[in-house]
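Before any comments, here is the structure.
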Amino acid sequence: MAEERFDAIVVGAGPAGSAAAYTMASGGLKVALIERGEFPGAKNVFGGVLYRKQLEELIPEWWKEAPIERQIIEQRMWILGKESAVTFSHRNEKYKEPPNCFTGLRVKFDQWLAGKAEKAGAVPIYETVVTELIHQNGKVVGVRTDRENGDLYGDIVILADGVNSLLGKSLGVHKEWAPDEVSLAVKEIIALPKEKIQDRFNLDDNEGCTIEFIGDTFGMAGLGFIYTNQDTISLGVGVMVNDLKKKKIKPYEVLDSIKQHPSIRRLIQGGEVKEYSGHLIPEGGFTSMPPLSGDGWMICGDAAQMVNAVHREGTNLAIASGKIAGEIAIKAHQAGDYSIRALGEYDRSVKSSFIHNDLKKYRGIHGLFKEMNSDTLFGSLPQALNDAAYEWLLVDGVFKKEKQRKAVRTLKSAAGGNMELLRLGLKGWRAING
Ligand SMILES: Cc1cc2nc3c(=O)[nH]c(=O)nc-3n(C[C@H](O)[C@H](O)[C@H](O)COP(=O)(O)OP(=O)(O)OC[C@H]3O[C@@H](n4cnc5c(N)ncnc54)[C@H](O)[C@@H]3O)c2cc1C
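Reading the sequence shown from the start, the letters are residues 3 to 436 in this note's numbering.
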């Protein structure tokens with residue numbers, strides 16, 4: 003590879019990197035988009051929900067041309083007991099116009115989005131690993147790749163290299179994530195005939211449904227998901243790494259066990275597993291976010307812990323941060339100033355955006371999980387809620403007043419007593435209202 007100079011180099015062609023490359027190339031910058039995978043999306047994993055709003059600000063009506071699976075009109079939340087579920091859901095025709103979110107598969111979506119960046123003029127450099135950043139006089143001025151003579155130089159380097167972000171670590175802006183700052187998720191793509199999916203989930207044509215669930219994860223902090231695609235279902239579960247270590251349980255054991263849950267088993271019955279994958283999810287949120295820029299560089303998406311786990315939003319934060327970084331890079335290019343002074347505008351813009359504000363709102367969640375016992379939050383409490391619901395709905399001649407007392411007793415005892423239940427309620431409330 004001949005040594006080349008670019009206005010900007012983007013590392014990683016996930017949603018953050020492609021959004022940044024698209025923005026800059028559309029603004030006339032000479033951009034290199036480097037991706038280690040054989041093609042964008044080849045190595046990427048996510049649950050499957052893509053949001054309209056943030057990408058629409060970059061590509062109007064993008065869903066009309068992008069490879070999406072289904073348009074979500076119903077979202078369900080399940081709290082699982084051993085063989086039961088307390089469920090909440092919201093279905094609304096209003097989600098049809100304008101659409102709110104869609105299901106998608108990364109292998110197709112990432113290729114499409116990176117393709118848009120290429121069409122806008124970004125130079126694709128795939129199957130290439132950036133091994134380190136090149137510094138001169140304290141500034142980042144390029145990247146070293148695993149290609150022969152593979153140094154590339156640019157005025158700005160945008161790090162969009164995902165949750166592991168070895169490059170972010172090399173800059174010292176963040177450390178190795180602690181086991182309580184990341185969860186490990188495993189996912190299967192299960193093939194089923196389209197009609198079966200529509201029947202089982204009560205859907206027409208391109209309508210889609212999402213289910214998230216907690217409980218039945220061996221008392222570990224975790225969240226599972228089931229998303230409907232055209233003729234496949236994405237089923238997965240993510241569990242905090244510190245809990246996996248503590249309990250010495252493998253994530254695929256959790257997934258295997260969840261597949262036997264009666265509420266889930268019937269949805270995937272007869273399906274054929276087509277793909278199996280695993281990936282880390284940043285869970286540290288607001289308190290784990292590193293500084294976002296420096297002399298010659300900016301960092302976006304998962305590499306900067308931009309995931310709102312409470313709302314399972316990550317791709318949209320990645321796209322929004324990539325777009326903002328791209329816009330700041332264009333301004334810096336016009337001013338010929340790539341110093342932290344100019345690029346610091348990126349930190350300020352992120353701070354005034356939904357990314358910072360939403361993550362700040364939930365900043366207490368990380369502390370709550372750290373402080374509370376996962377066995378209680380994700381084991382005994384979900385089970386107690388299911389037991390209480392069972393008792394409450396069972397018509398067995400027991401007086402309703404007694405049933406109510408029993409339900410409250412069950413919940414109190416699962417939490418460890420009156421005070422603990424109260425403390426948990428208060429802490430939970432504070433954690434989501436930061
Ligand atoms: C199981 C799971 C379920 C999820 N579900 C959802 C969901 O339903 N909805 C949602 O919005 N978000 C979801 N997320 C989160 C979402 O996937 C991420 O937030 C999002 O992909 C972040 O995008 P990114 O571009 O920052 O990073 P990534 O998508 O990880 O992209 C990083 C890219 O950089 C490349 N790369 C890394 N290092 C190098 C290097 N040194 N050289 C060259 N290339 C490199 C990688 O190959 C990759 O293509 C989920 C995540 C997981 C793991």
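Quick reminder that beta carbons are idealized off the backbone N, C-alpha and C, glycines included.
- Excluding residues up to 5 positions away in sequence, Ile342 lie with their Cβ nearer than 6 Å to the Cβ of Gly296 in the same chain.
- Three or more pairs of CB atoms, one per stretch, sit closer than 8 Å, so the segment 266-280 contacts the segment 185-199.
- About 5 Å separates the Cβ atoms of Gln73 and Pro101, confirming a contact at the 8 Å cut-off.
- Boundaries of the alpha helix (DSSP H) harbouring Leu269: Pro264 to Ile270, taken from the DSSP string.
- Look at Ser236 here: in three-state DSSP terms it is strand.
- Just so you know, the alpha carbons of Glu285 and Lys362 end up roughly 13 Å apart.
- Taking one beta carbon from each stretch, the segment 321-338 and the segment 394-414 have fewer than 3 pairs nearer than 8 Å; the two do not touch.
- In the DSSP assignment, Asp153 forms a beta bridge with Arg146.
- Counting the other CB atoms within 10 Å of its CB gives Ala344 a total of 16 or more, which places it among the buried residues.
- Per DSSP, the continuous beta strand (DSSP E) segment holding Gln77 begins and ends at Ile70 to Leu82.
- For the 9 Å CB-CB criterion, Val243 and Val256 do not form a contact.
- In the three-state reduction of the DSSP assignment, Ala34 falls in the strand class, which pools E and B.
- A distance below 6 Å between beta-carbons, with the five flanking residues on each side excluded, links Asp112 to the following residues of its chain, in chain order: Pro42, Gly43 and Asn46.
- Inter-residue distance for Ala416 and Phe215 is about 19 Å (C-alpha atoms, whole angstroms).
- Burial of Gln77 is indicated by the presence of at least 16 other C-beta atoms within 10 angstroms of its C-beta.
- Assigned with DSSP and collapsed to three states, Asn310 falls in strand.
- DSSP, read as helix, strand or coil, puts Asp389 in helix.
- Cβ-Cβ separation between Phe380 and Thr219: approximately 6 Å, consistent with a contact (criterion under 8 Å).
- Inter-segment contact for the segment 248-255 and the segment 149-161 is absent: fewer than three beta-carbon pairs are separated by less than 8 Å.
- Under DSSP, the beta-bridge partners assigned to Cys211 are Glu76.
- Annotation: Gly419 to Met374 spans about 14 Å, alpha carbon to alpha carbon.
- Closest by C-alpha distance to Tyr348, out of Ala23, Leu294 and Asp201, is Leu294.
- Residue range Glu6 to Val13 is occupied by the beta strand (DSSP E) that includes Asp9.
- In this structure the segment 362-372 does not lie against the segment 385-404, because fewer than three pairs of beta carbons, one per stretch, are closer than 8 Å.
- Under the three-pair Cβ rule at 8 Å, the segment 301-311 counts as touching the segment 154-169.
- Straight through space, the alpha carbons of Lys414 and Glu422 are spaced by roughly 8 Å.
- At the C-beta level, Gly226 and Ile260 come within 9 Å of one another.
- Under the three-state reduction of DSSP output, Ile158 falls in the strand class.
- For Pro17, the secondary structure class from DSSP, reduced to helix, strand or coil, is helix.
- C-alpha of Val13 to C-alpha of Glu37: approximately 6 Å in a straight line.
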